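Take a look at the structure below.
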Amino acid sequence: MLKVRENQKMLANKFRLYPNKEQTDKLEFALDTCRRAYNMMLGELRDQVVIDRNMIQAILPDLKICEPRFREVYSKTLQYECYRLFSNLSALKVLKGNHKKVGRLRFKGKGWFKTINYNQSGFSLEDNKLHLSKIGDIKIKVHREVNGNIKQIQIKKEIDRWYAIIITDEKKQIICGNKVVGIDLGINNYLVDSEGNKIENPKILEQNLSKLKHLQKDLSRKKKGSSNRKKARIRLSKLHLKITNQRTDFLHKITTKLIKECKIIVMENLDIKQMSQQKYFNAKNMMDASWGKFAQLLDFKAENAGCQIVKIDPRNTSKICSQCGHIQDMSLYKRTYECAECGFVIDRDYNSAINILNKLAGQELSCVEKSVNTPLEQTSSMKQEALTSTEC
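Counting in the working numbering, the sequence shown runs from 2 upward without gaps.
In structure tokens form, the structure reads like this:
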């Protein structure tokens, strides 16, 4: 989804395209022509003392006169490159305002452009055929019904595959549930909530690691600039894309499940970048878990469903006893919390999830309806915790 000027949300659906050889050549040509137009407008932008957007966009008619190739691409797609240029410029300004170290906008080399945008017109969809102006009717696999009015179509290239991202004004509402839960994110168990429910971490990178190493080694042995190296790079890129798709699918499923079940979700406000830089953290598995993307998807879906996401300070959530409130040190390898004060025994992640929920109500003490002396099996995997002190 994306936001338009009227703050109306739009729904995006992604479908696979199956262009023939002639259509693929036209798509590649349009992609490269849009890249050239972007670079020329960026060059004009750099030459200006006072930035004038209208003057920059006005060079497009001149380009069509000087270079015939620009007449072979639909005009709206070229005009969109001016919008893309100034969007990138605005994003750069925001980063500088946040005191980030950023340079100037760069010219795009061959192969850097991946998308063509048909905005408002120049397209139609019917009978599993997507008509694009100046390209033709392309076979498309519409695996779900497209409702609402189509506002924009983005053609995207991923390695050697083409996709159409169809953006409509359909209003799709998710209905949230009634539960109020706290969730604790981890490595062995991806998620444990305050009710004791656990979701196992699929560890997608670990599943594909041996094949990834093999393909990476195969690529390094190929001569630079050779056709075999190009083929090896494509094979490696496809595996990386598969890993990304598997991870995204997993995150979408668990975030949708949480939103449909809960009306309030409490989680830790983790500084993932800082945590990944600590030498005693398992940074590889932490990055594979994609906690940041999980939080981003959860926030987005919660806003659509009317669910509330509350982020609390992660300090001491794993050190506090959820039974009596006693604080004690907990090394990362300890997977079971054994309170030295009251003797309460509970799974470490479950204990953290309860403490996270308690912080919502401003409570540090909570009775847990569990047997005091029920030991839980201790696991050897490391849980990534926020950096905390021993003080509240």
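Here a beta-carbon is modelled for each residue, glycine too, at the ideal position from N, C-alpha and C. Since the model is a prediction, treat every value here as computed from it, not as a measurement.
Per DSSP, the unbroken alpha helix (DSSP H) holding D48 starts and ends at 22-48. Across the structure, E82 and H327 are spaced so that their CA atoms are roughly 59 Å apart.
The DSSP-derived three-state label of N270 is coil. Cβ-Cβ distances below 7 Å link I235 to I160, D161 in the same chain, with the five nearest sequence neighbours on each side left out; the list follows chain order.
Just measuring C-alpha positions, the residue of K135, K294, V147, A92 sitting nearest N129 is V147. The C-beta distance from C325 to C263 rounds to 27 Å, too long to fall under 8 Å, and the pair is not in contact.
Between L361 and V311, the gap from beta carbon to beta carbon is short of 8 Å.
The beta carbon of S195 sits closer than 6 Å to those of V182, G183, A354, I355, L358, all from its chain and outside the five residues before and after it, given in chain order. By the neighbour-count criterion, in which 16 or more other beta carbons inside 10 Å mark a residue as buried, L252 falls on the buried side. Taking a cut-off of 8 Å for Cβ pairs, the stretch 291-299 and the stretch 215-235 do not touch, as fewer than three such pairs fall below it. Annotated three-state conformation of F124 is strand, per DSSP. Sorting Y191, N202, L12 by C-alpha distance to the C-alpha of E171 places L12 at the top. Looking at N40, L131, I265, T318, the one whose alpha-carbon comes closest to that of F16 is L131.
In this structure, A165 keeps its C-beta atom at 8 Å or more from the C-beta atom of I151.
In the structure shown, Q174 falls within a coil segment according to DSSP collapsed to helix, strand and coil. Distance from the Cα of T116 is smallest, within the candidate group K158, L298, R85, for K158.
Here the alpha carbons of L133 and Y19 stand approximately 13 Å from one another.
Within the same chain, no Cβ atom closer than 7 Å to the Cβ of R47 is found once the five residues on either side in sequence are excluded.
Y84 carries a helical assignment under DSSP once its states are collapsed to helix, strand and coil.
Counting the other Cβ atoms within 10 Å of the Cβ of D185 gives 16 or more, which makes it buried. The C-alpha of G149 lies about 6 Å from the C-alpha of T169. By the C-beta density criterion, D348 is buried, having at least 16 other C-beta atoms within 10 angstroms. K10 sits in a strand when the DSSP states are folded into three classes. Judged by DSSP in its simplified three-state form, D63 adopts helix. Beta bridge pairing from DSSP links D194 with I184. Apart from sequence neighbours up to five positions away, the residues of its chain that approach T256 with a beta-carbon distance below 6 Å are L298, L299, K302, ordered along the chain. Rounded to whole angstroms, the Cβ separation of D289 and K214 is 15 Å, and the two are not in contact under 8 Å. Collapsing the DSSP output to three states places Y351 in a helix. Membership of A296 in the alpha helix (DSSP H) is indicated by the continuous run 292-306. Only buried fits I266, as 16 or more other CB atoms lie within 10 angstroms of its CB. Shown here, V311 sits in a strand according to DSSP, grouped into three states.
The beta carbons of V193 and D350 sit closer together than 8 Å.
Taking 8 Å as the cut-off, the beta carbon of K77 is found closer than this to the beta carbon of Q121. Under the 10 Å beta carbon count, T245 is surrounded by fewer than 16 other beta carbons and is classified as exposed.
Ranked by Cα distance from Q153, the options W113, Y119, N179, R145 are led by Y119.
Between the C-alpha atoms of N317 and I200 there is a straight-line separation of about 23 Å.
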